[in-house]
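So the number in this note's numbering is just where the residue sits in the sequence shown, counting from 1, plus 6.
The C-beta atom is built at its ideal place from N, Cα and C for all residues, glycine as well.
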Amino acid sequence: MSKIGFVGGGQMAEALIKGICVAGLYEPAQIMAADPSEARRQVLQKNYNITTVEQAKDMAKDCDVIVLAVKPQVMGVVLDSLDKALSAQHLVISIAAGITLKFIEEKLADCNCRFIRVMPNTPALIQEGAAALSPGLRASDNDMALGKSIFEAVGQAVILPESYLDAVTGLS
Numbered sequence: 007m008s009k010i011g012f013v014g015g016g017q018m019a020e021a022l023i024k025g026i027c028v029a030g031l032y033e034p035a036q037i038m039a040a041d042p043s044e045a046r047r048q049v050l051q052k053n054y055n056i057t058t059v060e061q062a063k064d065m066a067k068d069c070d071v072i073v074l075a076v077k078p079q080v081m082g083v084v085l086d087s088l089d090k091a092l093s094a095q096h097l098v099i100s101i102a103a104g105i106t107l108k109f110i111e112e113k114l115a116d117c118n119c120r121f122i123r124v125m126p127n128t129p130a131l132i133q134e135g136a137a138a139l140s141p142g143l144r145a146s147d148n149d150m151a152l153g154k155s156i157f158e159a160v161g162q163a164v165i166l167p168e169s170y171l172d173a174v175t176g177l178s
């Protein structure tokens with residue numbers, strides 16, 4: 007069975023972890039999170055019984071799906087740290103506002119990953135969110151269905167062309 011990993015263990019990652027556990031999409035043993043904060047890792051371990059690590063690259067080898075749940079200003083550094091850890095087997099989902107698929111695909115060009123960009127909104131924190139998903143160049147219909155199911159675990163989800171995501175970001 008596949009595993010899902012979260013790079014960043016903040017509020018939105020926690021909302022998604024909670025939602026996918028409640029929805030039964032993944033069992034806690036299939037969920038990992040990487041966060042530099044020991045305190046944050048302890049909260050996630052205690053509340054959801056998931057595995058946590060300090061470094062994202064240590065998680066990538068064990069997970070098929072990687073959710074990039076980090077602040078946009080650190081995305082470049084995070085992608086650099088993951089570059090050698092990712093391969094074509096990985097589906098990478100970014101929820102960082104303003105970070106385009108082109109940026110991610112160029113930074114991780116050598117890994118041949120499949121990418122999805124998602125713009126969730128803060129009501130996802132109480133499982134009442136709305137999210138717009140856009141496929142990257144290699145994302146399959148199955149990838150999009152999986153991505154949609156993850157975000158439907160915290161609300162509603164729609165698939166839109168990436169050109170609409172800035173408007174979605176503005177509304178969120």
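- For A115, the secondary structure class from DSSP, reduced to helix, strand or coil, is helix.
- For L143, the secondary structure class from DSSP, reduced to helix, strand or coil, is coil.
- In this structure, L22 and V73 form a Cβ contact; the two beta carbons are roughly 7 Å apart against a cut-off of 8 Å.
- Where I56 is concerned, there is no enclosing beta strand (DSSP E), because DSSP gives it neither an H nor an E.
- Residue pairing of V13 in beta bridges, as defined by DSSP: A40, L74.
- For M150, same chain residues with a beta-carbon under 8 Å away, outside a window of 5 residues either side, are I122, L139, P141, I165 in chain order.
- Where A159 is concerned, there is no enclosing beta strand (DSSP E), because DSSP gives it neither an H nor an E.
- For L143, the CB contacts under 7 Å within the same chain, skipping 5 residues up- and downstream, are E111 in chain order.
- The straight-line gap separating the alpha-carbon atoms of A173 and K24 is approximately 27 Å.
- If you ignore the 5 residues before and after T106, its C-beta comes within less than 8 Å of the C-beta of R123, E168, all in its own chain and listed in chain order.
- Counting C-beta atoms within 10 angstroms of its own C-beta, I132 has fewer than 16 neighbours from the protein chains shown and is therefore classed as exposed.
- In this structure, the CA atom of G30 is about 27 Å from the CA atom of E44.
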